[in-house]
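First to last, the sequence lines map onto chains A and B.
For the first sequence, the numbering used here begins at 1 and goes up steadily by one.
For the second sequence, the numbering used here begins at 1001 and goes up steadily by one.
All C-beta atoms, glycine included, are put in the ideal place defined by N, C-alpha and C.
Just so it is clear, the structure is predicted and the values come from calculations on it, not from any experiment.
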Amino acid sequence: MRAIPRSSLLLVPLIGFMVLAYLVPFLGIMQWSVTLPEPGLGQYETALTDPLVLSVFLRTLRICLVVTVLSVAAAYMVTLIWVRGTPAQRLAIELCILIPFWISVLTRAFGWLALLSTKGILNTWMQAVGILSEPLMMVRNEFGVIVGMAHFLIPFAAFPLASAMRTVDERVLLAARGMGASRTRTFFQVFVPMTASGIIGAGLVVFVFALGFFVTPAILGGGRIVMAAELIYLRIFQSPNWGLGAAISVVMMVFVGGLLALLMRQARPSGPK
Amino acid sequence: MMTRPGRLAVCIAAIIAVFLLMPLIAVIPVSFTPKRFLSLPEGEWSLRHYRALLENPAWAKGLGLSILIGVLSSVFATTLALLFSLGIWIARPRYTGLLMGIALLPMVAPPVVSALTLYFFLITLSQYNSFVAFDTWAGVALAHSVMIAPYAVVLITVALAQVDRRIDLAARGMGAGLMQRIRHIILPNIRFGVLSALLLTFVLSWEEIGVTLFITSVDAVTLPRLMWMGLRDNIDPAIAAISVILIVIVVTAILLKAIGQRKGGNA
């Protein structure tokens, strides 16, 4: 048996901290889920069969899927220019990705409120120009939530996509063009397949992120579009049912754990680059 | 590069780029509205919401609290993360994967689950003391440390991966002890990684809201928590004013960095 080196002691503070402040309390949450208000698996039964909870789960999955597709597609197009554009284009795109990335989720959600609400900028303009006769409802519904979440997640999708695009060998594209493939065909039949691993990676990252999203749906959904994360908040703080909130959390953790395991398997075959 | 993207691709990217900047630009006119509710200024522009930020002591208090919590939690989290990453790099323990998994857990778990977990942690602590507890600055700093430490681990581990092991081996061969190797050999080589970990963890704590909502109520009101209250009840244009200030800070920092890099690159 190998002696444990003294440098292993360096690992102790962080691991100890995470165990005490995260793992043990999470066990406490699991305990809540099977003991509140009474011992048993009743809360899991509710979480998986109650029509209200199920409708929230389904809405969460639906919104997250739409948001994932939209933000990965949008991120793909901006990343394309970020990686392969002229130097000036690259700088412009980099700023457009980095500035929103560093700005607080609250500011960004507020910006969408200012744009989309019934007295917001877009409605005021469109009415002034005469496109609309009465204000169009763009927040406090799924549209607003999807726009806000996609906006938040595009930068997160852009980073894995950029690293996938940087590994594409320029000469393969030149070969395709040289053999007479059009620009469009080279893009769809050569470039996109070569970055497929990046697309799947970005999609999973964005989807996992979107599932646990709380702030944007709460603000842009205005309490009408309740997603899984907000449901947990409501069950803990507003119409308390701690056991149910805990059970939903555990279900979510297991689901995300499964997705992450998928992500790891997806990442492994390509190996270190 | 010979195969630049076509004009259509550039146009689509430009539209998305505008989409990315749109909400940030939108808050600027709103912040100058003379009215008390979310609206566009018609004719006259007013600074009343900026004045409100100065006059209402809640904003100054929130600002101070956010800075305090940000500094404490980023220093604490980065220190723990630095020790951990050094330990992994030097000792190369057998269960590196598992240990990394534990260290990175709060980063990959759904934020709302982390929030509930930390809520449980702090209300449990509240039963034993009133200092590190629910709705106290120390409690928030501790909870933020849990959330931001994984990011510091990632940055420092990446920095360590670029250190040449042979220089450490040479120092060891010449009889340097563990502390000497860390202080004189390893730390100087990863100082940029450690600094960027400090900066990133500070910013993450500074704008943290998901967990903060669960673990505070009326006393430990950080700046994001205050903004949240102004957004939820009755949309307060003071949020636009504070947002504009935050946007100006971020844009200035990013532009300065971009200019710095360009100069560095050309020189």
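For this session: Thinking C96 (chain A) and A1017 (chain B) are a contact (beta carbons under 8 Å), I'd like their distance in whole angstroms, please.
Result: 4 Å
Exercise. Are M253 (chain A) and A1109 (chain B) close, meaning C-beta to C-beta below 9 Å?
Worked result: yes
For this session: Could you tell me if P51 (chain A) is buried or exposed, where buried requires 16 or more neighbouring beta carbons within 10 angstroms of its beta carbon?
Result: exposed
Exercise. Measuring CB to CB, does L260 (chain A) end up less than 9 Å from L204 (chain A)?
Worked result: yes
Problem set entry | C-beta atoms of R84 (chain A) and R1004 (chain B) nearer than 9 Å | yes
Exercise. Looking at C-alpha atoms only, which residue of B:R1051, B:G1006, B:Y1128 and B:I1102 is the closest neighbour of F1032 (chain B)?
Worked result: B:R1051
For this session: Would you please verify whether the beta carbon of S249 (chain A) is less than 9 Å from any beta carbon of chain B?
Result: yes
For this session: Could you spell out where the alpha helix (DSSP H) holding E1055 (chain B) opens and where it closes?
Result: R1048 to E1055
For this session: Closer than 8 Å by C-beta to Q127 (chain A): which residues in its own chain qualify, once you throw out the five before and the five after it? Chain order, please.
Result: S133, E134 and P135
Exercise. What number of angstroms, rounded off, separates the C-alpha of G245 (chain A) from the C-alpha of F1131 (chain B)?
Worked result: 27 Å
Problem set entry | Any C-beta of chain A under 9 Å from that of E1050 (chain B) | The sequence given here places Tyr at residue 1050 (chain B); Glu does not occur at that position. Cβ-Cβ to chain A under 9 Å: no for Y1050 (chain B).
Exercise. Along chain B, which residues have their Cβ under 8 Å away from the Cβ of R183 (chain A)?
Worked result: G1006
For this session: Quick one: grab the DSSP three-state call for M1269 (chain B).
Result: Since the first residue shown for chain B is 1001 and the last is 1267, residue 1269 (chain B) is missing from the structure and cannot be characterised.
Exercise. With 9 Å set as the bound, which would you pick, yes or no: does the beta-carbon of A202 (chain A) sit closer than that to a beta-carbon of chain B?
Worked result: no
For this session: Using the Cα positions of R1165 (chain B) and V78 (chain A), report the straight-line distance between them to the nearest angstrom.
Result: 38 Å
Exercise. What runs of the alpha helix (DSSP H), each 4 residues or longer, lie entirely inside the segment 34-110 of chain A?
Worked result: 42-49, 51-84 and 87-102
For this session: Grab me the residues of P272 (chain A)'s own chain with a C-beta within less than 8 Å of its C-beta, minus the 5 sequence neighbours each way, in chain order.
Result: With a pLDDT of 42 at P272 (chain A), under the threshold of 50, the modelled position of this residue cannot be trusted; read the value that follows with caution. Excluding residues within five positions, none has a Cβ falling inside 8 Å.
Exercise. With a CB to CB cut of under 6 Å and the five nearest residues on each side skipped, what residues in its chain are close to G221 (chain A)?
Worked result: V145
Exercise. Taking contact to mean at least 3 C-beta pairs separated by less than 8 Å, is the segment 60-68 of chain A in contact with the segment 189-196 of chain A?
Worked result: no
For this session: Determine the closest residue to G111 (chain A) out of B:I1209, B:D1135 and B:F1019, with distance taken between C-alpha atoms.
Result: B:F1019
Exercise. Under a CB-based cut-off of 9 Å, is M194 (chain A) close to chain B?
Worked result: no
Exercise. So what does DSSP say about N123 (chain A), is it helix, strand or coil?
Worked result: helix
For this session: Express the C-alpha separation of A1091 (chain B) and M1 (chain A) in angstroms, rounding to a whole number.
Result: Residue placement at M1 (chain A) cannot be trusted, given a pLDDT of 48 that sits under 50; the coordinates are not used to answer.
For this session: Out of A:S33, A:F237, A:L80 and A:I93, point me to the one whose CA is closest to L1255 (chain B)'s CA.
Result: A:I93
Exercise. Looking only at its own chain, which residues have a Cβ that is under 8 Å from the Cβ of T46 (chain A), when we skip the five neighbours before and after it?
Worked result: V53, L244 and A247
Exercise. Can you tell me whether DSSP reads G1175 (chain B) as helix, strand or coil?
Worked result: coil
Exercise. Is there a Cβ from chain E that is less than 9 Å from the Cβ of G1087 (chain B)?
Worked result: You won't find chain E in this structure, because its protein chains are A and B.
For this session: Mark G1064 (chain B) as exposed unless 16 or more other C-beta atoms lie within 10 angstroms of its C-beta, in which case mark it buried.
Result: exposed
Exercise. In its own chain, which residues sit with a C-beta less than 7 Å from the C-beta of M1001 (chain B), not counting the 5 before and 5 after it?
Worked result: Its pLDDT being 43, under 50, M1001 (chain B) is placed unreliably by the model, and nothing is read from it.
Exercise. Could you give the residue range of the alpha helix (DSSP H) that holds P1041 (chain B)?
Worked result: Segment: none, P1041 (chain B) is in no alpha helix (DSSP H) and carries neither H nor E.
Exercise. What residues from the segment 109-120 of chain A come within 8 Å of chain B, judged by C-beta to C-beta, listed N to C?
Worked result: A109, F110, G111, W112, L113, A114, L115, S117, K119 and G120
Problem set entry | Secondary structure of Q1127 (chain B), DSSP reduced to three states | coil
For this session: Return the CA-CA distance between A1267 (chain B) and N1234 (chain B), expressed in angstroms with no decimal places.
Result: Interpretation of A1267 (chain B) is limited by its pLDDT of 41, a score under 50 that renders its predicted location unreliable; no figure is taken from the coordinates.
Exercise. Secondary structure at V190 (chain A), three-state DSSP: helix, strand or coil?
Worked result: helix
Problem set entry | 9 Å Cβ cutoff, P155 (chain A) in contact with chain B | yes
Exercise. Under a Cβ-count criterion, where at least 16 other Cβ atoms within 10 Å of its own Cβ denotes burial, should N123 (chain A) be classed as buried or exposed?
Worked result: buried
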